[in-house]
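Notes for the one structure printed next.
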Ligand code: GDP
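Numbering (the UniProt record's numbering), first residue to last: 7 to 373.
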């Protein structure tokens, strides 16, 4: 109909009938020039989110749509949660369209990391996952690092076509697009950003000079992430947000590390070795003997080993064990959305525990 109004935050179609429903805004808000749905309003002013979920079916529709357009695809991943945010199946849907891969949140990695090395690592990992990007870049949408270069690269590859920005929720896609808008038009905060997964709902178009557009697609919720098992109050502490300070440990066989109460790392065998932990600086790491580890968790989860909080323990998923026999040096054991532990020397048997539903994997060291 002619009266369709979209939320300037998330792009959802505004409705004024159902307060609990998606896209609700009070009728009076329709008189304003720029309408914001209640959800985005709350998010912006109170930093509060309402749960939403884009179903896998809806996301598939969007993906299928990508194969049918003639466009440049810009795929944004969270460099701190590369594998978790990669959307491994995407390349099957993009058809012949070129893909630019952007690792966002580069400000969180230790400054000692060499960008070129990291970009090579991303290329290698992307290839392993079936994607051959036309170009690979790093940026920090939040700090505004490398945004100009990224725009130049986009401009170089788009050849007068539309640009679709895709990515999992929480990779910083909205922040990235807001940066682009700022860069292109000087406006701020057109799209909602938030800390919680699943907040960009509908497509948003940012017009470009030549009549084409940059199109923000909704993110799919990455179900394997820590963000889905943790209390929203604690998410701020758990998700790395600032430059990570690596913590190194010399471990003997049969020693264990707890990352808060969220993950556990048992070093089973391989002689004395060094390990480096990359997590949010606000998470405490506790070392114990393997033989005491079960007991420690039983007694101190929710207190010494926190988050989770005590009151959340009942609903917190049990820790599930994943075993790895790591032959090479410089391999990472990754806890999806939480961080990783680098095994600095070759030959280690590891048992890694994460809450049920959170994936754990081994990869070539990112750093
Ligand atoms: P979206 O769901 O992909 O649209 O993600 P958002 O743009 O809402 O960002 C998710 C979270 O990541 C927010 O807390 C942002 O502040 C944060 N974030 C986004 N970009 C960056 C970045 O470059 N560096 C850091 N440190 N945080 C970022």
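Heads up, the beta-carbon is just placed ideally off N, CA and C, and yes, glycines get one too.
Asked	Found
Nearest residue (CA-CA) to residue 105, options 148, 232, 169	169
Chain C contact for residue 284 (CB, 8 Å cutoff)	Chain labels in this structure do not include chain C; a single protein chain is all it has.
Coarse secondary structure for residue 18, derived from DSSP in three states	coil
Selected residue, minimal CA-CA separation from residue 78, among 320, 325, 269, 163	163
Sufficient close CB pairs (3 or more, under 8 Å) joining the region 349-357 to the region 321-331	yes
Terminal residues of the beta strand (DSSP E) in which residue 240 lies	From DSSP, residue 240 is part of no beta strand (DSSP E) but of the alpha helix (DSSP H) over 238-244.
Endpoints, the beta strand (DSSP E) within which residue 143 is located	141-144
Integer-rounded CB distance, given that residue 99 should sit under 8 Å from residue 69	4 Å
CA-to-CA distance, residue 82 to residue 160, given in whole angstroms	13 Å
Same chain, Cβ closer than 6 Å to residue 360, five either side skipped, listed in chain order	269, 341, 366
Closest Cα partner of residue 45 within the set 248, 30, 37, 39	30
Residue 163 - DSSP class collapsed to helix/strand/coil	helix
Cβ-Cβ distance between residue 290 and residue 266 below 8 Å	yes
Under 8 Å between C-beta atoms of residue 103 and residue 84	no
Contact the region 109-125 vs the region 258-265: 3+ CB pairs below 8 Å	no
Residue 306: first and last residue of the uninterrupted beta strand (DSSP E) it sits in	Segment 296-306 is the alpha helix (DSSP H) holding residue 306; no beta strand (DSSP E) there.
Near the ligand GDP: residue 244 beta-carbon under 7 Å from a heavy atom	no
Beta-carbon spacing of residue 147, residue 178 below 8 Å	yes
Extent of the continuous beta strand (DSSP E) to which residue 176 belongs	Unbroken run through residue 176: none, as it is neither H nor E.
Which of helix, strand or coil DSSP assigns to residue 46	helix
Under 8 Å between C-beta atoms of residue 292 and residue 271	no
Local conformation of residue 361 per DSSP, three classes	strand
Per-residue DSSP class, three states only, for residue 220	strand
Coil, strand or helix - residue 35 by DSSP	helix
Among 17, 43, 16, 39, the one whose alpha carbon lies nearest that of residue 23	43
With 16 other Cβ atoms within 10 Å as the buried cut-off, status of residue 130	exposed
Residue(s) in a DSSP beta bridge with residue 262	272, 294
Residue environment, residue 390, which counts as buried when at least 16 other CB atoms sit within 10 Å	Nothing about residue 390 can be read from this structure; the chain reaches only from 7 to 373.
Residues sharing a beta bridge with residue 151, DSSP	146
Integer Cβ distance of residue 364 from residue 244, believed to fall under 8 Å	11 Å between Cβ atoms; not a contact.
Nearest-angstrom Cα separation, counted from residue 316 out to residue 58	Here residue 58 scores only 49 on pLDDT, less than 50, and its place in the model should not be relied on; the value that follows carries that caveat. Going by the C-alpha atoms only, they are around 26 Å apart.
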